[in-house]
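> Protein chains in written order, with our numbering: chain P, 11 to 353; chain E, 11 to 353. Here a beta-carbon is modelled for each residue, glycine too, at the ideal position from N, C-alpha and C.
Number of protein chains: 2
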Amino acid sequence: MKKRQVSLKDIAKEVGVSIATVSYVLSKGKDSRVSEAMSAKIREVAKRLNYQPNIIAQSLKSGTTNTIGLILADISNPFFANLARVMEDEAAKLNYTVIFGSSDEKAAKSRQLIDFLSSRQVDGFIIAPSEGSEEQIQYLQQQDIPVVLIDRFFPKTPTDYVIIDNYESSYRVVKELVRSGHQRVGMLAYTDRLFHMQERIRGYKAVLQDNGFLDKPEHLCEISYEDGKKEVQEAIDRMLAADDPIDSIFFATNTLAIHGLKHLGKLNLRVPNDIAVVSFDEGEAFDFYYCPLTHVRQPLEEMGKAAVQSLWNRIKNPDIPQQAISLPADVMVRKSSSAIMTK
Amino acid sequence: MKKRQVSLKDIAKEVGVSIATVSYVLSKGKDSRVSEAMSAKIREVAKRLNYQPNIIAQSLKSGTTNTIGLILADISNPFFANLARVMEDEAAKLNYTVIFGSSDEKAAKSRQLIDFLSSRQVDGFIIAPSEGSEEQIQYLQQQDIPVVLIDRFFPKTPTDYVIIDNYESSYRVVKELVRSGHQRVGMLAYTDRLFHMQERIRGYKAVLQDNGFLDKPEHLCEISYEDGKKEVQEAIDRMLAADDPIDSIFFATNTLAIHGLKHLGKLNLRVPNDIAVVSFDEGEAFDFYYCPLTHVRQPLEEMGKAAVQSLWNRIKNPDIPQQAISLPADVMVRKSSSAIMTK
DNA sequence: TTTTTTTGTTTAAACGATTAAGCATATCTT
DNA sequence: AAGATATGCTTAATCGTTTAAACAAAAAAA
Numbered sequence: 011m012k013k014r015q016v017s018l019k020d021i022a023k024e025v026g027v028s029i030a031t032v033s034y035v036l037s038k039g040k041d042s043r044v045s046e047a048m049s050a051k052i053r054e055v056a057k058r059l060n061y062q063p064n065i066i067a068q069s070l071k072s073g074t075t076n077t078i079g080l081i082l083a084d085i086s087n088p089f090f091a092n093l094a095r096v097m098e099d100e101a102a103k104l105n106y107t108v109i110f111g112s113s114d115e116k117a118a119k120s121r122q123l124i125d126f127l128s129s130r131q132v133d134g135f136i137i138a139p140s141e142g143s144e145e146q147i148q149y150l151q152q153q154d155i156p157v158v159l160i161d162r163f164f165p166k167t168p169t170d171y172v173i174i175d176n177y178e179s180s181y182r183v184v185k186e187l188v189r190s191g192h193q194r195v196g197m198l199a200y201t202d203r204l205f206h207m208q209e210r211i212r213g214y215k216a217v218l219q220d221n222g223f224l225d226k227p228e229h230l231c232e233i234s235y236e237d238g239k240k241e242v243q244e245a246i247d248r249m250l251a252a253d254d255p256i257d258s259i260f261f262a263t264n265t266l267a268i269h270g271l272k273h274l275g276k277l278n279l280r281v282p283n284d285i286a287v288v289s290f291d292e293g294e295a296f297d298f299y300y301c302p303l304t305h306v307r308q309p310l311e312e313m314g315k316a317a318v319q320s321l322w323n324r325i326k327n328p329d330i331p332q333q334a335i336s337l338p339a340d341v342m343v344r345k346s347s348s349a350i351m352t353k
Numbered sequence: 011m012k013k014r015q016v017s018l019k020d021i022a023k024e025v026g027v028s029i030a031t032v033s034y035v036l037s038k039g040k041d042s043r044v045s046e047a048m049s050a051k052i053r054e055v056a057k058r059l060n061y062q063p064n065i066i067a068q069s070l071k072s073g074t075t076n077t078i079g080l081i082l083a084d085i086s087n088p089f090f091a092n093l094a095r096v097m098e099d100e101a102a103k104l105n106y107t108v109i110f111g112s113s114d115e116k117a118a119k120s121r122q123l124i125d126f127l128s129s130r131q132v133d134g135f136i137i138a139p140s141e142g143s144e145e146q147i148q149y150l151q152q153q154d155i156p157v158v159l160i161d162r163f164f165p166k167t168p169t170d171y172v173i174i175d176n177y178e179s180s181y182r183v184v185k186e187l188v189r190s191g192h193q194r195v196g197m198l199a200y201t202d203r204l205f206h207m208q209e210r211i212r213g214y215k216a217v218l219q220d221n222g223f224l225d226k227p228e229h230l231c232e233i234s235y236e237d238g239k240k241e242v243q244e245a246i247d248r249m250l251a252a253d254d255p256i257d258s259i260f261f262a263t264n265t266l267a268i269h270g271l272k273h274l275g276k277l278n279l280r281v282p283n284d285i286a287v288v289s290f291d292e293g294e295a296f297d298f299y300y301c302p303l304t305h306v307r308q309p310l311e312e313m314g315k316a317a318v319q320s321l322w323n324r325i326k327n328p329d330i331p332q333q334a335i336s337l338p339a340d341v342m343v344r345k346s347s348s349a350i351m352t353k
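#1: With DSSP as the reference, please indicate the residues paired to P:I268 in a beta bridge.
#2: Report the residue from E:Q131, E:V96, E:Q148 and E:T201 whose alpha carbon sits nearest the alpha carbon of E:K166.
#3: Cα separation between P:L230 and E:F110?
#4: Would DSSP call E:L104 helix, strand or coil?
#5: What number of angstroms, rounded off, separates the C-alpha of E:L80 from the C-alpha of E:E186?
#6: Scan the segment 284-298 of chain E for residues whose Cβ lies nearer than 8 angstroms to a Cβ of chain P and list them as they occur along the chain.
#7: One question on the structure: do P:A295 and P:V172 come within less than 9 angstroms of each other, judged by their Cβ atoms?
#8: Chain P beta carbons: is any one of them nearer than 9 angstroms to that of E:I246?
#9: So, helix, strand or coil for P:A334, using DSSP?
#10: Run through chain E and tell me which residues come within less than 9 angstroms of P:K272, C-beta to C-beta.
#11: Kindly give me the distance between the Cβ atoms of P:L204 and P:R162, rounded to whole angstroms, as I take these residues to be in contact under 8 angstroms.
#12: Just to confirm the assignment, what range does the alpha helix (DSSP H) spanning P:R307 have?
#13: Quick check on P:T352: buried or exposed, where buried means 16 or more other Cβ atoms within 10 Å of its Cβ?
#14: Nearest chain E C-beta to P:V35 closer than 9 angstroms, yes or no?
#15: Consult DSSP for E:S346 and reduce its assignment to one of helix, strand or coil.
#16: Could you check if P:R43 is buried or exposed, using at least 16 other CB atoms within 10 Å of its CB as the buried criterion?
#17: For chain E, check one thing: does any of its Cβ atoms lie closer than 9 angstroms to the Cβ of P:K353?
#18: According to the neighbour-count rule (16 or more other Cβ atoms, all chains shown, within 10 Å of its Cβ), is P:L224 buried or exposed?
#19: Using 9 angstroms as the limit for Cβ to Cβ distance, is P:Q332 near chain E?
#20: Using a Cβ-Cβ distance under 9 angstroms, would P:P63 count as near chain E?
#21: Looking at the C-beta of E:A67, does it have a partner C-beta in chain P at a distance below 9 angstroms?
#22: Leaving out the 5 sequence neighbours to the left and right, which residues in its chain are closer than 8 angstroms to E:S33 when beta-carbon positions are compared?
#23: With a threshold of 9 angstroms between beta-carbons, can P:Q131 be considered close to chain E, or not?
#24: Determine which residues share a DSSP beta bridge with P:D340 and list them.
#25: When you compare the CB of E:A102 with every CB in chain P, is at least one pair closer than 9 angstroms?
#26: I'd like the list of long-range same chain contacts for P:Q243, defined as Cβ closer than 6 angstroms, with 5 residues on each side in sequence excluded.
#27: Give the DSSP-derived three-state secondary structure of P:A286 in the structure shown.
#28: What does E:L82 pair with, by DSSP beta-bridge criteria?
#29: I need the straight-line Cα distance from P:V343 to P:N264, nearest angstrom please.
#30: For chain P, check one thing: does any of its Cβ atoms lie closer than 9 angstroms to the Cβ of E:T107?
#31: May I have the straight-line CA-CA distance separating P:P156 from P:A47, to the nearest angstrom?
#32: Given that P:N323 touches chain E, what residues does it touch there, using C-beta distances under 7 angstroms?
#33: Restricting to Cα atoms, I'd like to know which of P:P227, P:C301 and P:Y214 is closest to P:A252.
#34: Strictly under 9 angstroms for the Cβ-Cβ distance: is E:E145 near chain P by that measure?
#35: Under 9 angstroms, Cβ to Cβ, is there at least one residue of chain E near P:V31?
#36: For E:G111, which residues in chain P fall below 9 angstroms Cβ to Cβ?
Now the structure itself:
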């Protein structure tokens, strides 16, 4: 059986003093009124018995757990894994632990996670909210449980959040394609109503509009999360076989880009000569792609830090006004968006 | 301020009954002796007030938290991120939560994490132990805290663990190089004394030995975790500039491979014609490498599941004999290890 | 010397849940 | 009808910690 941890009681018994005295020494240190001799003795015994305070008990007493609930779409997605790592470190600096869960972009799973983490009494949440989770966020707010959204947010539900300007970034990266002479830009997006995705789409459309291109609905394909790979393949096939085939693609996320680029490879299409490509996000994977990718670089480090800081702020200071943090994202121009070579 | 959660007390007051009665109804259900009428009423009120049991309090009472402490080298490394994801799901099935931390292969960080998670009263640990953490593991065992090691283990410290046969896998993947005619195989490993790494090195050496090649120490380069990228570059440069330059490289981990392949690219060396390559692990990244990589495929899914199951087993059943699980790994033969083309 | 203040420690309640034991009533046995 | 058993609920202890309040003894002030 697991050995019972050493408790204040054990120390108290050993020293021959009350539990309270031990607690004062060990938790208050200098500014308790316990005599120096007694303090020293208690500390010595505590050390000898290897006392470790039971955080569960402390939490029950204090009503605070020094724990952050982190809900992401999928921890195995490098975008989220990297974010998680940044947050882990940042939280540790503030003496917080992170408990995470993957929602798989499903509102039901998100709901489960929120309930679960709530009952574990997390002090606050950092959430990349999935579609349909808006009421869940509102619920947390009604309960006055601190929440910071990351990557996405709900325009109609004011919260603290940390994002990048998706419209702007999208606009700029798609414009790269147009600037290098591409006229029939296709876009692959996920079929969700989340603001970040809609903004990326809006950015894409704005570029077309501003350059006098027709907005062809068949050039914008929305992909489900469930069967992304297959749908991406079909969408690309469709856009290439159309009367008016695309000459370039904008991938709205890293996962879409990964599926898409693999498929282009299978079709023996070369980037950028046969088809140009731009994408959101980056990753080790793209570093190995034969053609360096023009992409939107999200400042993961800053986003993660800002989210943790913002949450910490709200926890310590529940009544400050809501803080919307929009960080600048860089558009990294590489070869994949360059001009079509005339053969 | 954060609203206090609804407790049994609140329900008891509302219904006009004792806390115990409420507890019996809500936790024991059918087999309590509370009358059906009373039960129904209590359940109704609980629902109306949206009662969520306080897991912290339950944990304090039960001495069990349904929480697993997971210590990995780095959650942003895809190998570990994928493992983490598998474990998260598997743990959830058993009604366990995962709290993770990244050790960065440092014993000191590992020690901190263990202390930290212990004081949070995790029910057990799954650890990919870093070099120098052997006594930490022994300590946990002395405390009868369940531990399962993953990816690595300590031969002198018997524990439950889940690994693959690193010697065998290494042997087989290096043999691929030799089989296709390579005679001067270099190896990049991390400079740690951990068993998995030593086994991979042993496998490599065994292939050389079995094929009558001299064991050239300068063909085996050990890289530190701190400055991996630079050291990999230097090591490759050195091995190529030697009197007896290598014609192929075995990368002992995915991170080494990533650094190494990028450097080969910079040197304008083509795989496999200029230099052949085999590696441990896989990843999205390698899918985009121009030359499909011969590699050892670790069964992440099975490893993660086995580790969680094994830990669960030990938690529920502290006295069963230790279980060493060694899973088979596949060697995926691809183009990167193929024969040198004579030009 | 008496009163006040300071010092050093203990008592006891609390956090929210669980559960053995207790205690009435009600129902069953003979 | 008396004793046994079953039913339905409450009391109280417990997990490990914190902390206000109480208290006794010592030191300082009057």
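With the given structure in hand:
#1: According to DSSP, which records beta bridges pairwise, P:I268 is partnered with nothing at all.
#2: E:Q148
#3: 39 angstroms
#4: Coil.
#5: Separation of E:L80 and E:E186 (C-alpha to C-alpha, rounded to the nearest whole angstrom) is 35 angstroms.
#6: G293, E294, A295, F296, D297 and F298
#7: No.
#8: no
#9: strand
#10: The CB of P:K272 comes closer than 9 angstroms to the CB of D297 and F298 in chain E, given here in chain order.
#11: With 8 angstroms as the limit, P:L204 and P:R162 qualify as a contact, their Cβ atoms being about 5 angstroms apart.
#12: First-last for P:R307: T304 to R307, but that is the beta strand (DSSP E), not the alpha helix (DSSP H).
#13: Its pLDDT being 49, under 50, P:T352 is placed unreliably by the model, and nothing is read from it.
#14: no
#15: helix
#16: exposed
#17: At P:K353, the pLDDT of 40 sits below 50, so the modelled position is not reliable and the matter cannot be decided from this model.
#18: exposed
#19: No, because no Cβ of chain E sits closer than 9 angstroms to the Cβ of P:Q332.
#20: Judged by the 9 angstroms Cβ criterion, P:P63 is in contact with chain E.
#21: yes
#22: L18
#23: Yes, P:Q131 lies at the interface with chain E (some Cβ there is under 9 angstroms from its Cβ).
#24: P:R307
#25: yes
#26: H273
#27: strand
#28: E:S112
#29: If you draw a straight line from the Cα of P:V343 to the Cα of P:N264, it is about 16 angstroms long.
#30: Taking Cβ atoms only, chain P reaches closer than 9 angstroms to E:T107, which makes this a yes.
#31: 43 angstroms
#32: Neighbours of P:N323 on chain E: none; closest Cβ ~15 angstroms, over 7 angstroms.
#33: The shortest Cα separation from P:A252 among P:P227, P:C301 and P:Y214 belongs to P:P227.
#34: no
#35: Note on identity: in this sequence residue 31 of chain P is Thr, with Val being the wrong assignment. Chain E contact via Cβ: absent.
#36: E98, A102, T107 and V108
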